[in-house]
Amino acid sequence: MSNIVVYTDGGCTGNPGPGGWAAVLLYDGNELRLSGGDPSTTNNKMELTAVIKALMHINENRDLSDKSVEIYTDSQYVKNGLTQWIFNWIKNGWKTAAKKPVKNKEYWIALKSEADKLQLKWNWVKGHSGDEYNELCDSLVEAERMKFK
8 MSNIVVYTDG
18 GCTGNPGPGG
28 WAAVLLYDGN
38 ELRLSGGDPS
48 TTNNKMELTA
58 VIKALMHINE
68 NRDLSDKSVE
78 IYTDSQYVKN
88 GLTQWIFNWI
98 KNGWKTAAKK
108 PVKNKEYWIA
118 LKSEADKLQL
128 KWNWVKGHSG
138 DEYNELCDSL
148 VEAERMKFK
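Residue numbering for the sequence shown follows the working numbering, beginning at 8 and increasing consecutively.
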């Protein structure tokens, strides 16, 4: 089983505001760039969308879906949300520890649904720190955001 490396990023100008998401998938010597945007969204929604779209692409392509996936994100929110917090959110009926509704619930449900089909390893990378593919994702996000200016 070979590995797919996925870098993701998302963001918006203003919060909410025009936003973009991006993912770069590296596998079998290929580099696949995915990106999109929304005229009125939040940073967290775009960070989540980037990972959801990357995992959907992998799950929809049989030649990719049997591979292990290593994800690099600069979003602690996404990484910790899926690897730590979501279990209690589900147990508590999608309420936070403070008994408030979990924000972006539909995104978390979609992310968990896609993630549960794959063997994932999560990595956090500091944003704007010179990591080649994190910087590439950031530039793709910016290009998507600019489409709404």
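Here a beta-carbon is modelled for each residue, glycine too, at the ideal position from N, C-alpha and C.
Review point. Nearest to valine 58 by alpha carbon, out of Ala29, Ser47 and Asp35?
Key: Ala29
Review point. Just how far apart, CA to CA, sit aspartate 35 and asparagine 51?
Key: 30 Å
Review point. Whole alpha helix (DSSP H) runs in the region 62-122 with 4 or more residues, listed along the chain?
Key: 69-72, 83-87, 93-98 and 112-122
Check your understanding: What's the C-alpha gap between aspartate 73 and isoleucine 11?
Key -> 10 Å
Practice item. Give me the Cβ distance between glutamate 77 and valine 13, rounded to the nearest whole Å; I'm assuming they're in contact under 8 Å. Key: 7 Å
Review point. Once you ignore the five residues that flank methionine 8 on each side, which residues in its own chain have a CB closer than 7 Å to its CB?
Key: Summary for methionine 8: the model assigns pLDDT 45, below 50, so the residue's position carries little reliability; its value from the coordinates is reported in the next sentence. The answer, listed in chain order, is Asp73, Lys74 and Ser75.
**Study point:** Three-state class that DSSP yields for threonine 49 in the structure shown
**Key:** coil
Review point. According to DSSP, is methionine 8 helix, strand or coil?
Key: Residue confidence is low: methionine 8 scores 45 on pLDDT, short of 50, so the model does not pin down where it sits. Its coordinate-derived value is still stated next. Reduced to three states, the DSSP call for methionine 8 is coil.
Check your understanding: DSSP state of lysine 154, grouped into three classes?
Key -> coil
**Study point:** C-alpha gap between aspartate 138 and glutamate 113, whole angstroms
**Key:** 30 Å
Exercise for review: Could you pull the start and end residues of the beta strand (DSSP E) that valine 132 belongs to?
Suggested key: Careful: valine 132 lies outside any beta strand (DSSP E) and carries neither H nor E.
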